Every structure is written in structure tokens, then in C-alpha cells.
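K.L.:
Everything in the sequence shown is counted per the UniProt record's numbering, starting at 1 for the first residue and increasing by one.
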Amino acid sequence: MSPVAVAVEDKYDASQFQPSYLGKTAKGNLTVSKENQSLTLYPEYLPTWNPFQKYPPYKFQKFHDKGLEASEELTNLFSRNNQKYKVRKLTPKLGSEIEGIQLSQLDDLAKKDLSRFVSERGVVIFKDQDFNAKGPQFAIDFMRFFGPLHIHPTSGSPEAFPEMHITFRGASQREIDSVFARNTNSISWHSDCSYSLNALQLTLFSCLQLPESGGDTLFANTVEAYNRLSPAMQQRLEGLHILHSSVEQAESNKKAGGITRREPESNIHPIVRINPTTGQKHLYVNKEFGRRIIELKKEESDYLLNFLYNHIEDAQDLQIRVAWQPNTVVLWNNATTVHTPCVDFSEPVIRHAYRLSVMGERPVSDLKYLNDEQYLKDEYEALGI
Ligand SMILES: [Fe+2]
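In C-alpha cells form, the structure reads like this:
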């Protein structure tokens, strides 16, 4: 599928290659600077870029959500072995924080419940986890249970683990300064890689090294955003589709000297998507990768998309803010939420984290199209992609 390019502003992205990354690994791959290598607490998780690592374009994949096999009351996750745990809702409709459950100890039945629980709550925060010390392979094996893992087209990853998407902000004043060189803020709401044909769904994020404060992640609930709309607006959105594209992300990575592992892609997804596990409808729009509504003229598309972006981004009453702590692991549903980083540091310190994402179902507006490879065939043909 050929990409469709439009000009967008570059924003600092700690998951992308930075011009200061002049270090080399023993195998000769690019990595962070020597100074940052010496300051890192978890060298086995450092991002590397191998110029010879190339992947073919993703093709349609059928997906079965493990959350559909969850127990009725999620008893396999919450009430086994009389374990002591605490669950606290961050807000009534988005986000739960859990203490007393060790993710690494969950069996397959508990993991099915976990998948459903993340679909229901959007974002789930697990405190005091032992994941980081177990190394990249453990985290990858944990997440593979839920489905195939996405390999990011441009971000750095530990040498033997291409599925592990690393975000690394180095301890340099230059990196701090670059955040606000062209923007007054670092806010950039998005759903990770929404340009993918099979959209990224269950996502795990863990911080390895972080400052005492700063670098929070903000999440917004796109189920609630849909529910807040009037029936007339909900009806207007039915049948509309957005073109999502990674062309600009790939270009800004290339400009910084980074490596392209997979060519950029563009795909069409419905604005109103349905979650197969909960049956809830939700908006599937984000400014970072959404380009235009294919059924509308440019001005109409800009008008409607700007309304939807502002609707989600301005409504603090459907959002949460996650403050990271050592050994906190967060799982989120990348379909029913959007998120943004918050780069509010004033001193040069390392922030090092990893992300693993399951490739979920191809987004559909109606469950009758679930796992239908021919879905939107006419729209793709009309756009020539
Ligand atoms: Fe993200």
C-alpha cells in the first residue's frame, strides 16, 4: 500500500533516533552516546538501530482477543489463592491501580481476565512489579500470550529483541532544549501506530530509569468521548473513515539520521470503532497519525476532525494522568484510549522505558466485519492504496 504524505510539524519523540546518538554497540549497530551508556541502569534495554534489519510490510492478520475467554467475574485474576490485593479506580470510567498482584506470577487463565479488565478499564497500573529485573525476553514472552507483537518501523530496540520499543531520553541539555525548540508544549495525543492495518491493542509500558518527578503520561477515554456526543453527531460519524499515515513519522526519523526498518504505511479505519470484548463503541481518531476523512472534502474534514480532536484533548473530565514510579508497569488498551507524553523536565536526566504491543484486530465499525480481509476494499481501491 502506498503512503499518502502531508506536511505536519515535527515534535520531539523520545522513541525515535536523536542526532546525539553516536554510540556503537560491539556488533557495530547504532546506539545512544557513550556518556549515556555509562549512565544507564539497564544497559540490556538500551535502544539500538541495525541498518540491515529490514521487515516487509505488514499484511492482514486474523485476531482472537483473549479477553473473550475471561471468567465471568474475573475471579482468575482477582480472587485466587486468597492473595491480598487492592484495586482502586483512578476515575469512575478510566484507569485502575492495583497493588498486591505480581504480573509475572499470572497463569494463562488470569491473563485472559487481565486482557478483559484492561479492555474494561482502559488503563491499569500495577505497582511494585518485578518485570524489569527479569530482562527483555521475559516481558516479551509474557505479552506473546495475548497475540503477535508489533515491530515498530523506526524505533530503537535491544539488539536481540526487535519487538521491544524503547523510549530513551538522554541526559543532555541539548535534548531538553530540542523539546521546546519549535513548540510551546510537548503534548501530542495519539494512539500508538494507528496507521497499522491490524491496530495495536493491549500494550505494556514499563519505566526502567526515571527522574524523581516529571515525564507523566496522560490518557483520554475514547469510549466516554463517543458517549458524550449527541445522538445526531454520533449518527453523522457512522460510515465515515479516516486515512491514517506513518509517512511523516518515518521522514522525521530519517531526517535525524535514523534507520527505517519497514517502509511507511497508510490505512483507512472507521471513525467509530467497536471493541470486540466489551461491545462498546469508541472514537478512533488522533492528530498525530490521522490525516483526513475520506468521504469529505478537505475543509469539511479539517473542520470535523478538529472538533473531534479538541473534544477529546480538552475534556479533562475523561482523562487521567499517570505518574511513573520505579517498577510500575502499566497496561492499556491502545484502541479505547489515546495518550500523550508530558516532557516537563528542566534538568538533563535519563528517562528510559520500554513498550510492548499486541497486534489486535483490524478496526471495524461493526462486529460483522471482524476478521474480514475484504472490509473497505472499495475505499482502498478508490484511493489507490
Ligand atoms: Fe505513544
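By construction, the Cβ of each residue, glycine as well, lies at the ideal position given by its N, Cα and C atoms. From a predicted model like this one, the values you see are computed outputs, not experimental measurements.
(1) Please list, in chain order, all residues with a C-beta atom less than 6 Å from at least one heavy atom of ligand 1.
(2) Roughly how many whole angstroms lie between the Cα atoms of residue 330 and residue 184?
(3) On the three-state DSSP scale, how would you describe residue 33?
(4) Using the three-state DSSP reduction, which class does residue 351 fall into: helix, strand or coil?
(5) Taking 8 Å as the cut-off, decide whether the C-beta atoms of residue 112 and residue 66 are in contact.
(6) Determine the direct distance from the alpha carbon of residue 259 to that of residue 374, and round the result to whole angstroms.
(7) State buried or exposed for residue 232, treating a residue as buried only when at least 16 other CB atoms are found within 10 Å of its CB.
(8) Using DSSP with H/G/I as helix, E/B as strand and the rest coil, what is residue 267?
(9) With a threshold of 8 Å on Cβ separation, who are the neighbours of residue 256 within its own chain once the five nearest residues in sequence on each side are excluded?
(10) Does the distance from the CB of residue 295 to the CB of residue 240 come in under 8 Å?
(11) Take every Cβ of the region 24-40, pair it with every Cβ of the region 362-381, and state whether three or more of those distances are shorter than 8 Å.
(12) Would you tell me roughly how many angstroms separate the C-alpha atoms of residue 114 and residue 87, rounded to the nearest one?
(13) How close, in whole Å, do the beta carbons of residue 200 and residue 334 come, if the pair is a contact with beta carbons under 8 Å?
(14) From what residue to what residue does the alpha helix (DSSP H) around residue 300 run?
(15) Quick check for students: name the residue ranges of the alpha helix (DSSP H) that lie wholly in the region 69-100, counting only runs of 4 or more.
(16) Relative to the alpha-carbon of residue 127, which residue among 215, 158, 207 has its alpha-carbon at the smallest distance?
(17) Secondary structure at residue 3, three-state DSSP: helix, strand or coil?
(18) Residue 242 lies in the beta strand (DSSP E); which residues open and close that run?
(19) Quick one: grab the DSSP three-state call for residue 145.
(20) Evaluate residue 38 with the Cβ neighbour count: other Cβ atoms within 10 Å of its Cβ, from every protein chain shown; 16 or more gives buried, anything less gives exposed.
P.N.:
Working from what's here:
(1) Residues flagged by the Cβ proximity filter: 190, 192, 339.
(2) Our two residues, residue 330 and residue 184, have alpha carbons roughly 28 Å apart in a direct line.
(3) In this structure, residue 33 counts as coil in the three-state DSSP scheme.
(4) In the three-state scheme derived from DSSP, where H, G and I count as helix and E and B as strand, residue 351 is classed as strand.
(5) Taking 8 Å as the Cβ cut-off, residue 112 and residue 66 qualify as a contacting pair.
(6) Going from the Cα of residue 374 to the Cα of residue 259 covers about 32 Å.
(7) By the 10 Å Cβ count, residue 232 comes out exposed.
(8) In this structure, residue 267 counts as strand in the three-state DSSP scheme.
(9) By the criterion of a C-beta distance shorter than 8 Å, residue 256 is surrounded in its chain by 16, 17, 18, 19, once the five residues flanking it on both sides are discounted.
(10) Yes, these two residues count as a Cβ contact at 8 Å.
(11) The answer is no - the region 362-381 does not touch the region 24-40, with fewer than three Cβ pairs under 8 Å.
(12) One Cα belongs to residue 114, the other to residue 87, and the distance between them is close to 13 Å.
(13) Indeed, because the Cβ distance is near 5 Å, the residues count as touching under 8 Å.
(14) Where residue 300 is concerned, the enclosing alpha helix (DSSP H) stretches over 298-314.
(15) Fully enclosed alpha helix (DSSP H) runs of no fewer than 4 residues occupy 75-78 of the region 69-100, in order along the chain.
(16) Looking only at 215, 158, 207, the smallest Cα-Cα distance to residue 127 is reached by 207.
(17) Unreliable positioning characterises residue 3 in this predicted model, as indicated by a pLDDT of 39, which lies under 50. The coordinate reading is nonetheless provided below. Of the three classes helix, strand and coil, the one that applies to residue 3 here is coil, per DSSP.
(18) If you look at residue 242, you'll find it in the beta strand (DSSP E) that goes 241-245.
(19) Coil, per DSSP.
(20) Residue burial is scored here from C-beta neighbours: residue 38 has fewer than 16 other C-beta atoms within 10 angstroms and is therefore classed as exposed.
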